[in-house]
Every structure is written in structure tokens, then in C-alpha cells.
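For the sequence shown, my numbering gives the first residue as 2, with consecutive numbering after it.
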Amino acid sequence: MHEARSASVPVETRAADYLQAASMTAPLLGSGSQETPAVNTYNSACSELTVLLRSSEGGRLWNHPVTLTGNNSTYHLRLEPASHAVWTPNYFTSFELEQQIKEKLIRKENIHKGVGGALVGVRKVNPPEKFAPPRGITAAVTATLDFHGKDATLALRRPAKQPTATVEGKTRPLAANFSAPMSYYQPPGNRLFGGFNSKSYPAPIGLYFLQPYDPDRIPLVFVHGLFSTPWTWVQTINGLQADPEIRKHYQFWIFAYPTGNPILYSALRLREELAKADQLYPNHKPYVVVGHSMGGMLTHDQVVTVNEGMWDKALGQNARSFFKENSGNSLIVRATTFRANPRIKRVVFICTPHRGSDLASNGIGKIGISLITLPTRMAAVIMDSLTAADLAQITGSSKRLPNSITGLKPTNPALPVINGAPISVPYHSIIGDRGRGDSPNSSDGVVAYWSSHLDSAHRILRLHLGIRSTSKPTATVAQVGR
């Protein structure tokens with residue numbers, strides 16, 4: 002395929018040469034499960050032909066029947082139309098060869114041997130679509146070619162939906178790389194401070210789809226924690242995708258937010274993003290939401306109902322004055338009163354400080370508070386909505402605005418209000434003890450057992466993990482997958 006790979010050769014000739022290489026090796030594919038010279042040549046021809054046709058001259062030769070003549074042969078090529086297990090040809094705006102993905106985020110790649118060219122399909126349009134990451138939405142694609150004489154059909158198969166396909170008249174396993182679509186995304190340069198402050202955060206606050214929306218699969222929504230960004234979930238999601246049943250039945254979404262903002266505000270933004278998804282895709286399957294650390298607190302707020310009466314019972318006159326002075330549709334009232342989301346069917350809490358963390362009140366917490374800068378508009382809303390007495394009760398100082406660290410203090414008056422509301426769905430708690438086995442006096446290093454433990458959990462799992470449990474995915478993946 003030397004000539005087919007030469008940029009100095011006309012595109013039509015290169016394409017015909019790729020087709021010739023595939024047609025000559027197709028009869029030699031065998032079962033497809035073994036890596037042989039014929040399989041390697043066929044797979045490379047399929048993937049490289051797909052990239053060439055989609056990218057060359059603005060896609061001039063893409064998605065319509067074409068006749069391609071090379072040095073020795075002429076072929077008539079068409080693309081297979083969309084079906085349950087075949088992508089729509091025009092859905093992806095570009096394709097990347099899986100071996101050319103430069104950013105290696107994944108420690109253990111999920112690569113399946115088989116026939117076909119393993120590709121990363123990328124959909125990036127302008128203006129950006131709702132819920133699309135900045136670099137676009139990606140997915141694993143397997144390109145296959147079937148021949149009837151000189152007539153060839155190129156199919157863009159969905160290996161996550163159907164791991165085998167009839168290729169050249171025989172059912173064979175499909176080659177696929179399920180890690181490469183995740184590695185296509187590039188992590189931010191400064192994850193710590195980007196996770197704190199909205200100005201340096203690597204993406205707008207919002208819900209992002211890591212795969213094309215699929216009405217047949219359950220949305221599994223991941224919410225990261227403090228000092229973090231969505232990249233904390235890369236290894237966990239990759240581990241889950243290693244299970245073919247999870248790949249088949251779940252799709253992966255992430256919620257991104259700067260973690261310095263007040264917890265109830267971030268929970269409001271998550272609630273609003275899920276409502277937008279409900280509006281755009283009203284028939285989606287019920288959510289499963291997984292929250293790590295402070296992200297578990299945002300998740301907790303999605304499955305409880307909190308009303309004015311509960312605040313009144315906890316705070317008395319201060320609560321009554323607060324709700325009297327702020328309109329029902331104001332940001333601060335919407336952040337403090339809400340209903341459980343009926344579209345969520347299950348949640349998983351990982352190392353979640355439901356009752357706060359003592360570290361938020363000590364020197365480390367003070368350092369964290371000093372690093373946080375709230376958005377100007379948010380600071381103005383808080384100043385206009387809360388009295389000096391309110392601020393003193395929430396943060397310990399009439400001159401200090403609330404943020405995520407003050408929200409994590411065990412003395413935060415919001416915590417008993419939230420924890421006093423019944424959780425509306427079955428939930429699982431994954432609790433770390435750093436391998437000491439000393440529960441109920443244990444801690445993951447940041448979150449103590451007394452804070453992460455909830456009595457009515459459907460399942461409680463105490464694992465030998467620290468707070469950075471999502472970066473040590475093996476045990477976490479096993480339990481989330483259950």
C-alpha cells in the first residue's frame with residue numbers, strides 16, 4: 002500500500018489502491034480473531050481509506066457512489082446506510098486512526114482484535130451542539146469493506162452495539178479500540194486551580210456527552226469532586242467500558258464545574274443541565290448518577306426535596322426573613338429549594354462527605370478558601386441576598402462569602418437540612434478506609450466514616466481506598482459496575 006499512502010498520488014488512485022489491497026486480502030481473513038498479515042493489511046486498508054475519503058478535498062468523494070480507478074483496477078464504491086449497528090455516514094465530521102491518537106490518557110487500553118479498521122469518529126460542528134465537548138463528540142468506529150466483484154461497500158460499524166458482523170459472508174469479530182475516543186480529549190494544563198476558579202476552568206459549566214446520544218442506552222452521569230475536573234473519571238470510565246454489557250447498555254456523560262463555587266449553586270447548575278437534557282431528549286432512559294467526594298454532595302441534592310419549611314425548622318426567623326426578602330425565582334432561592342429529580346433511578350456516592358469534613362475547618366481549609374475567587378455576578382447576587390447575620394451563620398464571618406470550602410464545614414447549617422430529607426431512589430455508598438479496616442472510626446484521609454456513611458444505603462462498600470479513589474480505578478470500577 003505504499004502508493005496508496007503517498008500524498009503526491011491523486012486521491013482517486015490512492016482510494017482504488019486501498020480497495021485493491023482490501024479485496025486481495027478479504028478472502029484470507031479466516032476467523033478474523035487471529036492477527037495475520039492478511040488481516041493487518043485488510044484492516045489498515047479499511048481505516049486509511051475511510052480517513053482519506055472523509056478528509057480529502059472537503060469530502061468530495063464521501064457518501065455517494067463513486068467509481069475509482071487505480072493503476073490496475075477500477076472499483077465502484079458505496080457507503081452502507083445507517084442501521085442499528087452501522088453509523089450514519091455523514092454523522093462524523095472526521096475520523097482519526099486509533100494508533101495516531103497522540104494523548105495517551107489511558108493506562109490500560111481496551112483493544113479488541115478482529116477485522117476492520119479501528120477508528121475514532123469525531124463529530125464537531127459549528128455552532129457547537131448542545132452537550133458537545135469543546136473538541137467534539139467521539140465514538141469507536143470499525144470500518145469494513147465487502148466486495149462483490151468490483152463493487153465494494155464501506156460500512157461504518159458500531160462495535161459497542163454489536164461486537165461481531167458479517168464481513169465477506171462470514172460472521173467475524175470486529176476490531177475496535179474503546180479507549181482511543183477518550184484519549185482523543187486533551188486534559189487541561191492546570192487541573193488544580195482550573196478546578197477551583199471559573200476564570201481558569203477548562204470548559205464552560207455544563208453537562209457533556211462523551212459519546213453520541215443513544216436512546217437505547219442508560220445515561221451514566223459522572224460528577225467530579227473538589228480540587229478536580231472531569232478528567233478524574235477517565236480511568237474509571239475506561240475500566241467500565243471494558244465490560245461489553247456495560248458498553249452495550251450505558252452511555253457516559255460528565256458534569257463539569259469549577260469546584261470553588263458554593264455547593265448549592267453547583268447542584269443547581271447540575272439540576273438545570275439535566276433538565277435541558279430532559280427537554281432535548283424527552284424519551285431518554287432514566288439516569289444513574291455517580292458522584293465522587295464533593296460531587297457526591299451535588300448528586301445528593303438531585304435526589305432529595307428541600308422546601309422553605311425545612312429551612313424554617315432549622316434556622317427559624319433567619320430563614321423566614323431570607324425567603325421573604327428574595328423572590329421565588331431568584332438564583333439564591335432556586336439554589337436552596339428544589340424537588341427530587343424523578344428521572345434519576347439510582348445514585349452512587351464515592352467517598353462523599355454528606356455531613357462535611359473537618360479539614361474544611363482547619364489550616365488546609367483556610368488555604369483553600371484563600372485560593373477561591375467567585376464569579377463577580379455570583380458574588381453580587383450573594384451580597385444582595387444575604388444579610389451580615391446570614392453570612393456569619395453560614396461562613397463564620399459577616400465579611401466572608403460562602404464557597405465550596407465553607408460549604409464543607411461540618412457546621413454548615415445547610416447540611417442537616419439536606420441530610421434530613423429522605424433520598425428518593427436506591428443508592429450505594431463506596432467508602433474508603435485507606436486499608437486500615439477500622440470502620441466506623443475510619444477515614445479516607447479527607448472524609449471520615451461518620452460523614453460518608455448513610456444508614457439507608459442499598460449497599461455499603463468499605464474499600465481500601467483514599468480520597469483519590471477515582472484515580473485508582475480497579476476497585477472503584479468493580480463496584481460501580483455492579
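Even glycine gets a Cβ: it sits at the ideal position worked out from N, Cα and C.
Predicted model only: the values in this text are computed from it and were never measured.
Here the alpha carbons of residue 314 and residue 414 stand approximately 11 Å from one another.
By the 16-neighbour rule on beta-carbons within 10 angstroms, residue 358 is buried. For residue 80, the secondary structure class from DSSP, reduced to helix, strand or coil, is strand.
Membership of residue 15 in the alpha helix (DSSP H) is indicated by the continuous run 12 to 26. Taking a cut-off of 8 Å on C-beta distances, the segment 301 to 316 touches the segment 258 to 276, as three or more cross pairs fall below it.
The beta carbon of residue 94 sits closer than 6 Å to those of 124 and 125, all from its chain and outside the five residues before and after it, given in chain order. Straight-line spacing of the CA atoms in residue 330 and residue 278 works out to 21 Å.
Counting only residues of its own chain and dropping the five nearest sequence neighbours on each side, residue 180 has a CB closer than 6 Å to the CB of 107, 110, 111 and 239.
Inter-residue distance for residue 115 and residue 145 is about 11 Å (C-alpha atoms, whole angstroms).
Residue 341 and residue 152 have their C-alpha atoms roughly 56 Å apart. Boundaries cannot be given for residue 244, as no beta strand (DSSP E) includes it and DSSP labels it neither H nor E.
The way I'd put it, the segment 33 to 53 does touch the segment 165 to 185; three or more beta-carbon pairs between them come closer than 8 Å. Of all alpha-carbon atoms in 81, 336, 356 and 77, the one lying nearest the alpha-carbon of residue 456 is that of 356. One alpha carbon belongs to residue 63, the other to residue 163, and they sit about 24 Å apart. Secondary structure at residue 430: strand, using DSSP grouped into helix, strand and coil. Cβ-Cβ separation between residue 185 and residue 142: approximately 12 Å, too far for a contact (criterion under 8 Å). Sequence-distant partners of residue 207 (beyond 5 residues in either direction) whose C-beta falls short of 7 Å from its own C-beta, in its chain, are 257 and 274. Between the beta-carbon of residue 417 and that of residue 344 there is about 27 Å, and that puts the pair past the 8 Å contact cut. Between residue 155 and residue 76, the beta carbon gap of about 11 Å keeps them out of contact (Cβ cut-off 8 Å). In this structure, 270 is the residue among 297, 249, 270 and 66 with its C-alpha nearest to the C-alpha of residue 339. The beta-carbon separation of residue 260 and residue 223, rounded to 14 Å, does not stay under the 8 Å limit for a contact. Residues 23, 117, 118, 144, 145 and 146 of the same chain have their beta carbon placed closer than 7 Å to that of residue 47, with the five preceding and five following residues left out of the count. Inside the segment 272 to 337, DSSP marks whole beta strand (DSSP E) runs of 3 or more residues at positions 288 to 293, from first to last along the chain. Cβ neighbours of residue 40 within its own chain (closer than 7 Å, five residues either side excluded): 30, 33 and 116.
For residue 43, no beta strand (DSSP E) segment is defined; the enclosing uninterrupted segment is the alpha helix (DSSP H) at 38 to 56.
Shortest Cα-Cα distance from residue 133 to any of 214, 167 and 230 involves 214. For residue 209, the enclosing beta strand (DSSP E) has its first and last residue at 207 to 210.
For residue 236, the secondary structure class from DSSP, reduced to helix, strand or coil, is helix. With a contact defined as Cβ atoms closer than 8 Å, residue 4 and residue 69 miss out at about 14 Å. Between the C-alpha atoms of residue 17 and residue 175 there is a straight-line separation of about 23 Å. Shown here, residue 152 sits in a strand according to DSSP, grouped into three states. For residue 159, same chain residues with a beta-carbon under 7 Å away, outside a window of 5 residues either side, are 86, 87 and 88 in chain order.
Annotated three-state conformation of residue 340 is coil, per DSSP. The Cβ-Cβ distance between residue 295 and residue 422 does not fall below 8 Å.
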